[in-house]
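Residue numbers (our numbering): 40 to 625.
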């Protein structure tokens, strides 16, 4: 771990009133917000109501919105600078955003989306691709990439995104956070730039399931109802077959523990759709379907993409032809020059949707369906496969169930496999949003606990325990620290602390990162915690001494440096720091 003050900090002035710090130039630019934000702003909530009225439900929470939602006085960029250039500032704020602010939350900015919110990888050549904090070499997923990254890096408590064909659920899965797509038509789309009118929804991200539900209660505006348990839980066995981790086993054990074995039902979803949605046969492309072992689900994704492109061109074709904007190659390939669906084709698509709704309503009656959020890990940044039609189809295949039926879905992170997040999704019938959010609260912790058990069993002698996962997070933090990505390092050390809060090194390392950012109060607090856990942690004493010196607590700083010398009499840094302070203040 690099020294925090010896070679990076130049002290220009001391005192609690303010400390000015200069740092050496970094070898490469690292965005403090991981590239999540396109614009910073602040929408403050109204004052709290006077007692005995209850406080606002979202009091104290911060959020960001994908740059497809209007905020009064700001131009909505739609992920494209030519769109930004040719449109005026919004005259009113989206009702969804306004409702959250009125509910007590503070909006702090707009986040990056894929070009015209049409992609699914999260890449944007114009504004930059947000960094996936869980797998920095891999894409974050889109279209709502920035909103997912803002939550995953703890920059906000929750965020809003657009989900047309997976734009919230895919990045939630890729970034290891919660993502919710509500039932179609439940949340207002007023003040939202449309992508595909009959598929678009506004969803939201969070790390904490209780926050996800609180946001849902504000946006869904559903009457209170007593929480109920699912009467049946359908596990789509064929959709889990490609996973290297026994995820279906994790689901089975979790649900048995919570609800009993009698509610479980196993289903081959591909066969079920073949039987119940015969109109899909007309759209079978005849290609092998390794991604979900089901030609019917692939066919459903093909139908969904056809509908999305048709409606997108209806919405924006005239603007594209007139302005001829610069578009990302992944987007250009989705907008062929001629794409007009005949009425007969549209009728076939409507038939598919009608049959699918009936099929899933029958399957999900008073229950939930469990599927993987994504069949494959996120591809590496810049991979050629991202430009392919096959990638688009296979990545959106599992998302197509909720999109085409209109039902609600929540993506739930389980843990990591091969350094990539693993996520499962729960689906419930249209209008069952509150029931699904309540179910999430019940199952969230148990699913993650069973995942740890399953990975421990799988790796036998090299068991992945909570402590091992914490060490992995610490190692990622150390690498981020070496790369001078201080905020990212703090995020990883925080994850390590969540997994194992009794390890002094994690607090001490996070303190070092806080020092690099000039966050001396946080650094001192972390060092104190580390020392409480391990009084012989020399680095913690040194770092606390540095933090206290910067804060002007010179006597306490000298005590820390003195104690470090007691532990390590030959520690040059402690000796030099103590000698410097003695000369100045004694």
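Just so you know, even glycine gets a beta-carbon here, dropped at the ideal spot from N, CA and C.
Check: CB of residue 489 within 7 Å of CB of residue 289, strictly; Outcome: yes
Check: Cβ contact (3+ pairs, closer than 8 Å) linking the segment 157–165 and the segment 364–372; Outcome: yes
Check: At least three beta-carbon pairs within less than 8 Å, the segment 539–546 to the segment 171–191; Outcome: no
Check: Residue 260, DSSP secondary structure in three states; Outcome: coil
Check: Close beta carbons around residue 384, own chain, < 8 Å, minus the five adjacent residues each side; Outcome: 345
Check: Closest residue to residue 138 among 113, 149, 119, 97 (Cα-Cα distance); Outcome: 97
Check: Alpha helix (DSSP H) segment containing residue 357, residue limits; Outcome: 334–362
Check: Top-ranked residue by Cα proximity to residue 348, from 336, 380, 323; Outcome: 380
Check: Chain-order list of residues whose beta-carbon lies under 6 Å from that of residue 215 (same chain, five-residue window excluded); Outcome: 173, 452, 460
Check: Nearest-angstrom beta carbon gap, residue 152 and residue 205 [assumed within contact, 8 Å]; Outcome: Incorrect: roughly 13 Å between the Cβ atoms, too far for contact.
Check: Proximity winner among 219, 231, 232, 278, relative to residue 253 (alpha-carbon distances); Outcome: 219
Check: Burial state of residue 54 (16 or more Cβ within 10 Å); Outcome: Confidence in residue 54 is poor, its pLDDT being 28 and thus under 50, which makes the residue's placement too unreliable to answer from.
Check: Own chain partners of residue 510 with C-beta closer than 7 Å, once the 5 adjacent residues on each side are dropped; Outcome: none
Check: Contact under 7 Å by Cβ, residue 271 with residue 302; Outcome: yes
Check: CB-CB length for residue 597 against residue 620, believed under 8 Å; Outcome: 5 Å
Check: Inter-residue Cα distance where the pair is residue 286 and residue 277; Outcome: 12 Å
Check: Three or more C-beta pairs below 8 Å linking the segment 481–495 and the segment 519–527; Outcome: no
Check: Test item: CB-CB of residue 420 and residue 178 under 7 Å; Outcome: yes
Check: Residue 100 versus 113, 249, 480, residue with shortest Cα-Cα distance; Outcome: 249
Check: Residue range of the unbroken beta strand (DSSP E) whose run includes residue 452; Outcome: 447–456
Check: Where residue 202 falls: helix, strand or coil (DSSP); Outcome: strand
Check: Contact check, residue 298 vs residue 268, beta carbons under 7 Å; Outcome: yes
Check: Environment of residue 241 [buried if 16+ CB atoms lie within 10 Å]; Outcome: buried
Check: Helix, strand or coil at residue 393 according to DSSP, with G and I counted as helix; Outcome: helix
Check: Counted within 10 angstroms of its Cβ, other Cβ atoms place residue 238 as buried (16 or more) or exposed; Outcome: buried
Check: Contact the segment 355–363 vs the segment 412–431: 3+ CB pairs below 8 Å; Outcome: no
Check: Assumed close pair residue 82, residue 145 - CB separation to whole angstroms, cut-off 8 Å; Outcome: 7 Å
Check: Cβ pair residue 583, residue 599 closer than 7 Å; Outcome: yes
Check: Selected residue, minimal CA-CA separation from residue 360, among 616, 162, 122, 76; Outcome: 122
Check: Sequence-distant residues of its chain with Cβ nearer than 6 Å to residue 561 (five each side left out); Outcome: 553
Check: Exposed unless 16 or more other CB atoms sit within 10 angstroms - verdict on residue 417; Outcome: buried
Check: Per-residue burial, residue 337 [other beta carbons within 10 Å of its own, 16 or more giving buried]; Outcome: buried
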